[in-house]
Amino acid sequence: MSTSPFSSLRLVWLYPDLLSTYGDRGNLQVLAFRAMSRGIDVDIVEVTSDKHMPTEGDIYLIGGGEDGPQALACERLIADGGLARAVNRGAVIFSVCAGYQLMGSSFMAKGQQYAGLGLMDIQSQRGETRAVGELAGEVDPRLGLPTLTGFENHGGRTFVGPSAAPLVRVTAGVGNDGQTEGAWANRIIGTYLHGPALARNPALADLLLAWATGRQLGALEDRWPEALRGERLAAVLGGGGKGLGRGDVRGDMRGDMQSAMEMI
Amino acid sequence: MTNLPARARLATALLRTAATLSRVSGRGDGSVIGGRVGLKVEPRLLAMLSENRQVALISGTNGKTTTTRFTAAALGALGPVATNSFGANMPTGHTTALAKMPDASNAVLEVDEHYLPQLLAEARPRVVALLNLSRDQLDRAMEVGMLAEKWRTALAAHPDVHVIANADDPMVTWAAKAVPNVTWIAGGQRWQEDSWACPECGKRLDRYGEYWRCTNCGLTRPSPQWSVDGNAVVDPTGQRAELSLQLPGQVNRNNAATALAIAAEFGVPLAEAVPQLSTVRSIAGRYAVVRRDGRRARLLLAKNPAGWLEAFDMLDPGCPVTLCLNAREVDGYDTSWIYDVDYAPVAGRQVLVTGDRRFDLAVRLQVNGIAFTVVDSFADALRAAPEGNVEVIANYTAFQDIRAEFDRVN
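Residue numbers (this note's numbering), protein chains in the order written: chain E, 2 to 265; chain H, -9 to 400.
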């Protein structure tokens, strides 16, 4: 964001036609809401995969998706080159799940390895089991953020190299490898978390806004996000495991599910 | 039916006993446990019970139960109909539905999207109706594209089946084109976020209103033979019939068109089928009105983004609305999808929020710029609304909790 008081914060939503499967659009809505609540004007630019990627954005958001669209998005982004130029300009990137994997040097999709965008020192492999359920963890203290909370649903495992740092030390859930979750380097943050992540973690949203605007942002009245965080963290860390959705619960569960539905 | 072998007759008898025991002990309607017992004794029971009957299957992400009820009502003009009217839409439920009505020559079965291939193989349907495909329970269900492919592959193995399909849904259209004999319905598609890309070649679809086409491979919306015009259904011959449905919303007029197309295939004339649809007032609590302390609450079930958009279309203007969200096992644990729905249509009325995950909804509505009040229970929501009509939109277990409070209203 330029220093002119007349310019708007430009939020760029990457490829909603390919990578917008798990409510990740919510991250865009939360950022816009929290910026506007501070009197910051916002321009939202949705860039579908048939368009050139603008390089003048302040915050770029990229979400989750299936293998095919992930590979296609990566191919388009490499050919376009705009996102890398935006990063060189100092743009902020917030990437989720498939989008997070794209930031790295390589990822697996449709049974084969693809070269990623190489914007962050991570690389992703396919895990043996799918990680589905609530996740919580303590954020890298250098970022000064409270406990991270979200919902993960991915088959990948990610290795964070020496030029990047894990975002979170996991206390519940799987994340990158059962120990850490997400990664960050400079002004790029990646995470496996949906929820959406910025709705569950408003302080993380404010960090992105502070990076992009270069301003200290005043506090907002966050009654509802705090209530949501309290409820989710109590559910995941408070024991009992109720309502966590942990474990691999795909198609084969549906028969039992029907019995459960009948009992209701 | 009367020629069932001894083992199948035994399986059927045990099935009915188990279902009855389950029902009288208050554990449910008994469809699932009954079917499970019957199929244990005779694994081919579903196929055997389907023989010598005319079977219609109805599948899709949303509208299955309502369309099945409409169709069963329309086919009632021909005589008794076997149908799984309690929403038990997997093979155990189908087996029970057929076993309970041994003399019904027509059967209408609602089928879970994932079980359509198995039902095609075992029930040998005369007609299959495909309503729509969209994201649903993302933490465990299959992605939409994979489901469409599963349907297409299964249909290709049964080229003689007559398919009735929603031409407005590109995923459904692509799956249905696996067979030569398709009747196309203008079934509507308010939710388009799962069909940006061509299911055939992956390129972006061009859309103009309900019309869609792929400029790359040529896949195009077929011209529908059945359509809805205002409050009337228009059949392939151009004949119009005014609907007088008891159920609200454009989506139920579209569901009615599909039911009428199935009925026509079974030989029920339009003029005879249409009045039958007016007998459907509520289905397992859906659209039922419950009363307490001067409030009349209409219950709308919506389980996924497409369903919530359709429910918004049904709301009485200005009427207070209660939104109820849970995320238990059958709902899916991930509530992220609420950000895929634009809640703007509920703005400008009293909005009450409850359910296990009311705080998720509160954050969502705040970001959406909509004023709301969070309450701890459905009872509190009713108390917070003024006397008169209240609309209620709830997802699956939230809906069942409300039904339970009102003596399992149907």
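Cβ coordinates follow ideal geometry from the N, Cα and C atoms, glycine included. Small disclaimer: the values here were computed from a predicted structure and weren't measured.
Taking the straight line between their C-alpha atoms, what separation do you get for residue i and residue j?
i                      : j                      : result
residue 380 of chain H : residue 177 of chain H : 28 Å
residue 226 of chain H : residue 216 of chain H : 6 Å
residue 160 of chain E : residue 107 of chain E : 10 Å
residue 126 of chain H : residue 110 of chain E : 22 Å
residue 118 of chain E : residue 12 of chain E  : 20 Å
residue 385 of chain H : residue 290 of chain H : 9 Å
residue 243 of chain E : residue 230 of chain E : Model confidence at residue 243 of chain E stands at a pLDDT of 44, short of 50, so the residue's coordinates are unreliable and nothing is read from them.
residue 163 of chain E : residue 37 of chain E  : 37 Å
residue 140 of chain E : residue 190 of chain E : 12 Å
residue 181 of chain H : residue 164 of chain H : 17 Å
residue 53 of chain E  : residue 34 of chain E  : 26 Å
residue 281 of chain H : residue 378 of chain H : 10 Å
residue 42 of chain H  : residue 158 of chain H : 34 Å
residue 192 of chain H : residue 83 of chain E  : 23 Å
residue 11 of chain H  : residue 83 of chain H  : 16 Å
residue 141 of chain H : residue 63 of chain E  : 31 Å
residue 57 of chain H  : residue 81 of chain E  : 46 Å
residue 1 of chain E   : residue 98 of chain E  : An answer regarding residue 1 of chain E cannot be provided, because it is not within the stretch 2 to 265 covered by chain E.
residue 322 of chain H : residue 223 of chain E : 27 Å
residue 57 of chain E  : residue 29 of chain E  : 17 Å
residue 217 of chain E : residue 211 of chain E : 6 Å
residue 204 of chain H : residue 301 of chain H : 30 Å
residue 238 of chain E : residue 179 of chain E : 16 Å
residue 88 of chain E  : residue 75 of chain E  : 16 Å
residue 61 of chain E  : residue 348 of chain H : 30 Å
So, residue i versus residue j, is the Cβ gap smaller than 8 Å?
i                      : j                      : result
residue 394 of chain H : residue 266 of chain H : no
residue 137 of chain E : residue 174 of chain E : yes
residue 149 of chain H : residue 169 of chain H : yes
residue 97 of chain H  : residue 88 of chain H  : yes
residue 345 of chain H : residue 315 of chain H : yes
residue 123 of chain E : residue 105 of chain E : yes
residue 4 of chain H   : residue 27 of chain H  : yes
residue 146 of chain E : residue 204 of chain E : yes
residue 95 of chain E  : residue 168 of chain E : no
residue 375 of chain H : residue 340 of chain H : yes
residue 53 of chain H  : residue 172 of chain H : no
residue 16 of chain E  : residue 48 of chain E  : yes
residue 258 of chain H : residue 233 of chain H : no
residue 144 of chain H : residue 110 of chain H : yes
Taking the alpha carbon of residue i as the reference point, which residue from the options has its own alpha carbon closest?
i                      : options                       : result
residue 193 of chain E : E:14, E:91, E:134 and E:142   : E:134
residue 105 of chain H : H:51, H:20 and H:213          : H:51
residue 100 of chain H : H:116, H:89 and H:74          : H:74
residue 171 of chain E : E:184, E:222, E:127 and E:215 : E:184
residue 32 of chain E  : E:21, E:14 and E:19           : E:14
residue 10 of chain E  : E:201, E:47, E:22 and E:59    : E:59
residue -1 of chain H  : H:301, H:49, H:86 and H:195   : H:86
residue 396 of chain H : H:377, H:372 and H:211        : H:372
residue 155 of chain H : H:234, H:313, H:237 and H:252 : H:252
residue 19 of chain H  : H:9, H:204 and H:-5           : H:9
residue 116 of chain E : E:205, E:79 and E:226         : E:79
residue 233 of chain E : H:350, H:7, H:24 and H:222    : H:350
residue 399 of chain H : H:301, H:278 and H:238        : H:278
residue 125 of chain E : E:157, E:55, E:69 and E:226   : E:157
residue 2 of chain H   : H:228, H:362, H:39 and H:14   : H:39
residue 103 of chain H : H:121, H:29, H:113 and H:224  : H:121
residue 153 of chain H : H:360, H:166 and H:14         : H:166
residue 131 of chain E : E:215, E:177 and E:113        : E:177
residue 174 of chain H : H:206, H:186, H:255 and H:235 : H:255
If we define contact as Cβ-Cβ less than 8 Å, is residue i a contact residue for chain A?
i                      : result
residue 155 of chain E : No chain A appears in this structure, whose protein chains are E and H.
Is there at least one non-hydrogen atom of the ligand PLP closer than 7 Å to the beta-carbon of residue i?
i                      : result
residue 122 of chain H : As presented, the structure is devoid of all ligands, the ligand PLP included, so that no description of it is given.
Evaluate contact between the region 267 to 274 of chain H and the region 363 to 374 of chain H, counting only Cβ atoms and requiring at least three cross-stretch pairs below 8 Å.
no
Touching or not, the region 235 to 248 of chain H and the region 24 to 34 of chain H, by the rule of three or more beta carbon pairs under 8 Å?
no
Quick one: which residues of the region 48 to 68 of chain E get their C-beta closer than 8 Å to a C-beta of chain H? List them in chain order.
49, 50, 51 and 67
Contact between the region 151 to 163 of chain E and the region 182 to 202 of chain E (3+ Cβ pairs under 8 Å):
yes
Using 8 Å as the Cβ pair cut-off and three pairs as the minimum, do the region 318 to 334 of chain H and the region 291 to 303 of chain H touch?
yes
Determine contact between the region 114 to 124 of chain H and the region 40 to 57 of chain H, defined as no fewer than three beta-carbon pairs at a distance below 8 Å.
Touching, yes, given that three or more Cβ pairs across the two stretches are closer than 8 Å.
With 7 Å as the C-beta to C-beta threshold (strictly closer), list the residues of the region 23 to 35 of chain E near chain H in chain order.
23, 24, 26, 27, 30, 31 and 34
Relative to chain H, which residues along the region 185 to 200 of chain E have a C-beta separation below 8 Å, given in chain order?
195, 196, 197 and 200
Mind listing which residues of the region 317 to 328 of chain H have their C-beta closer than 9 Å to chain E's C-betas, in chain order?
317, 318, 319, 320, 322, 323, 324, 325, 326, 327 and 328
Taking a Cβ distance cut-off of 8 Å, strictly less, list which residues of the region 174 to 195 of chain H are near chain E, in chain order.
183, 186, 187, 192 and 194
Members of the region 209 to 235 of chain E near chain H, C-beta cut-off 7 Å:
225, 226, 228, 229 and 232
Chain-ordered residues of the region 365 to 388 of chain H with a beta carbon less than 9 Å from chain E:
386 and 387
Quick one: which residues of the region 123 to 143 of chain E get their C-beta closer than 9 Å to a C-beta of chain H? List them in chain order.
From the region 123 to 143 of chain E, only 133, 134 and 135 have a Cβ closer than 9 Å to chain H.
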